[in-house]
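Undergrad: Before we start, here is the structure in question, set down as structure tokens.
Numbering (the UniProt record's numbering), first residue to last: 1 to 170.
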């Protein structure tokens, strides 16, 4: 299973807001997890529209131009589409119930993770735990990573690092 939130849903009944830029995946989420809110859009630095490349294997879907070039060079099934893009606070303003704390934010936005986190309203939205992809993260030089520096500046501590995912908590 490649989904942290699916595992949490199955193992402990976790519910939340799921966001994906691939409508095929969002349709499956809506069917499998009807108590969740599932939104079809990309997450990025600003609200609007952006070009995405959608692959048959959804794990490679991306709005990041560098990854688009790299992935389309090695995969034949990429389809370019214009998709809506939203910021984290824009989505939470719309979908998070008033007074609801955010226990866990799982962010996997293929190359725009820092931009998405940097656009958050940290005074209003402070998840207790954040799992975020940090490709090329170096445990011997964590301060060389923009995501690390941003989250530490917001009071988070790095708690774990596995493969390309870093886990931070308040």
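Using N, Cα and C, we set each Cβ at its ideal position, and we do this for glycine too.
Terminal residues of the continuous beta strand (DSSP E) containing residue 84?
TA: 79 to 86
Undergrad: Excluding the 5 residues flanking residue 23 on each side, which residues of the same chain have their C-beta closer than 6 Å to its C-beta?
TA: 40
Undergrad: Indicate the three-state DSSP secondary structure (helix, strand or coil) for residue 99 in the structure shown.
TA: coil
Undergrad: Closest to residue 111 by CA distance: which of 15, 137 and 128 is it?
TA: 137
Undergrad: Is it buried or exposed, residue 86, if we count other Cβ atoms within 10 angstroms and call 16 or more buried?
TA: buried
Undergrad: Keeping to the same chain, check which residues put their C-beta closer than 7 Å to that of residue 158; ignore five residues upstream and five downstream.
TA: 142, 148, 166 and 168
Undergrad: So what does residue 62 bridge to, in DSSP terms?
TA: 53
Undergrad: Alpha carbons only, please: which of 84, 127, 152 and 134 is nearest the one belonging to residue 42?
TA: 84
Undergrad: Opposite residue 17 in the DSSP bridges: which residues?
TA: 37
Undergrad: In or out: residue 109 buried (at least 16 other Cβ within 10 Å) or exposed?
TA: buried
Undergrad: Can you tell me where the alpha helix (DSSP H) holding residue 4 begins and where it ends?
TA: 4 to 12
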